[in-house]
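> FYI, the numbering for the sequence shown is 3 to 245, going by the numbering used here.
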Amino acid sequence: MRIIQITDTHIYSDDNKFGLKHLSNLKYIVDFIESNDEQINADLIMVTGDISHDGGEASYERFFKIMCDVSLPFYVIPGNHDNKQVLHYVSDKYYCGLNVNSFSDKDWRILSVDSVVDNEDYGFIKNKELVDFEKEVLASRSKKIAVFLHHHPIQVGTPIVDDCMLKNASEFLDICQRLNVSFIGSGHAHTLFQRKIGDTLVSVSPAACSQWKNGTKEVCFIENSAFSVVNLGEHVHVAPWFI
Ligand SMILES: [Fe+2]
3 MRIIQITDTH IYSDDNKFGL KHLSNLKYIV DFIESNDEQI NADLIMVTGD
53 ISHDGGEASY ERFFKIMCDV SLPFYVIPGN HDNKQVLHYV SDKYYCGLNV
103 NSFSDKDWRI LSVDSVVDNE DYGFIKNKEL VDFEKEVLAS RSKKIAVFLH
153 HHPIQVGTPI VDDCMLKNAS EFLDICQRLN VSFIGSGHAH TLFQRKIGDT
203 LVSVSPAACS QWKNGTKEVC FIENSAFSVV NLGEHVHVAP WFI
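Have a look at this one:
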């Protein structure tokens, strides 16, 4: 199975300078994916949060109007910048799947967990969410598991985002280790980073809007846009596409 991961599009509701740039980045990514569909050869698109920058209805309308042009099924999970209620309201209007947990093939099951705490930048997975995740993994023991969430569960070496990473990362990673989860994919860090922990590949995708400067403590970013292609086979590998 191959999954295109798009993360941190940060679409604005109005036409400010950043808003226009982020909107054009998303359009470019969608056009690129559509015109290179045979080469990328993906089964689905997973959007891992911070879809909107301001949580406004207009920003989600803009996002879903662009995403309607993709021929692949796509799923979204919220990030810290998103307004879950507004996201759900607009995604319903566009018949977008919010629950990737139904997606599987003969070898792989795809899951997601919600790591968003209302009005906070840091992430935390509630106990009920962890219990449900564990149940879903245990219900698919014959398959390999890939799970997506917004907040990165490992430090990427950039303080401005490591200060607001997943707070209960060790609890989540312990569960993933114990249950032999093969892949964890996140966004949030606006940087490219990977680490293998035991048999689990933890992959942080670069952002669609722009990247944080590596190692920065202050607001300082690099103007480029990217998505990732996650190849789930006998071996798991991730290809970042900077475009
Ligand atoms: Fe973000």
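The C-beta atom is built at its ideal place from N, Cα and C for all residues, glycine as well. This one's a predicted model, so the numbers in the text were calculated from it and none came from an experiment.
Measure how close the beta-carbons of E122 and V92 come, nearest whole angstrom, since I'm counting them as under 8 Å.
Contact flag wrong, Cβ pair sits at about 22 Å.
> Is it buried or exposed, Q213, if we count other Cβ atoms within 10 angstroms and call 16 or more buried?
buried
> Measure how close the beta-carbons of A209 and A228 come, nearest whole angstrom, since I'm counting them as under 8 Å.
Right, the Cβ-Cβ distance comes to about 7 Å (below 8 Å), so this counts as a contact.
> Check whether the Cβ of H154 sits closer than 7 Å to any heavy atom of ligand 1, and report yes or no.
It does not: the Cβ of H154 is nowhere closer than 7 Å to a heavy atom of ligand 1.
> Give every residue of the same chain whose Cβ lies closer than 7 Å to the Cβ of I224, excluding the five residues on either side of it in the sequence, and list them in chain order.
Counting only residues of its own chain and dropping the five nearest sequence neighbours on each side, I224 has a CB closer than 7 Å to the CB of S212, Q213 and K215.
> Please classify L22 as buried or exposed, where buried requires at least 16 other C-beta atoms within 10 Å of its C-beta.
exposed
> My guess is that D84 and I53 are in contact by the Cβ rule of under 8 Å, so how many angstroms apart are they, rounded?
Yes, D84 and I53 are in contact; Cβ-Cβ is about 6 Å, under 8 Å.
> Could you tell me the alpha carbon to alpha carbon distance between T202 and N101, rounded to whole angstroms?
23 Å
> Measure how close the beta-carbons of L113 and I156 come, nearest whole angstrom, since I'm counting them as under 8 Å.
No, L113 and I156 are not in contact; Cβ-Cβ is about 18 Å, not under 8 Å.
> Taking Cβ to Cβ, would you say G125 is nearer than 8 Å to L168?
yes
> Let me check one thing: in DSSP terms, what residues is I112 bridge-paired to?
A148
> Are S184 and V206 closer than 8 Å when you measure CB to CB?
no
> What is the residue span of the alpha helix (DSSP H) that I42 lies within?
D39 to I42
> Are the beta-carbon atoms of E131 and V149 separated by less than 8 Å?
no
> Given a threshold of 16 other Cβ atoms within 10 Å of its Cβ, counted over all protein chains shown, does C98 qualify as buried or as exposed?
Looking at its Cβ environment, which holds 16 or more other Cβ atoms inside 10 Å, C98 is buried.
> Per DSSP, which residues does P242 bridge with? Please list them.
S230
> As a quick check of your reading: which residues have a C-beta less than 5 Å from at least one non-hydrogen atom of ligand 1, in chain order?
D10 and D52
> If you count every other CB in all the chains shown that lies within 10 Å of the CB of D10, and 16 or more means buried, which is it?
buried
> Taking C-alpha atoms, which residue in N103, K108 and T160 lies nearest to L151?
N103
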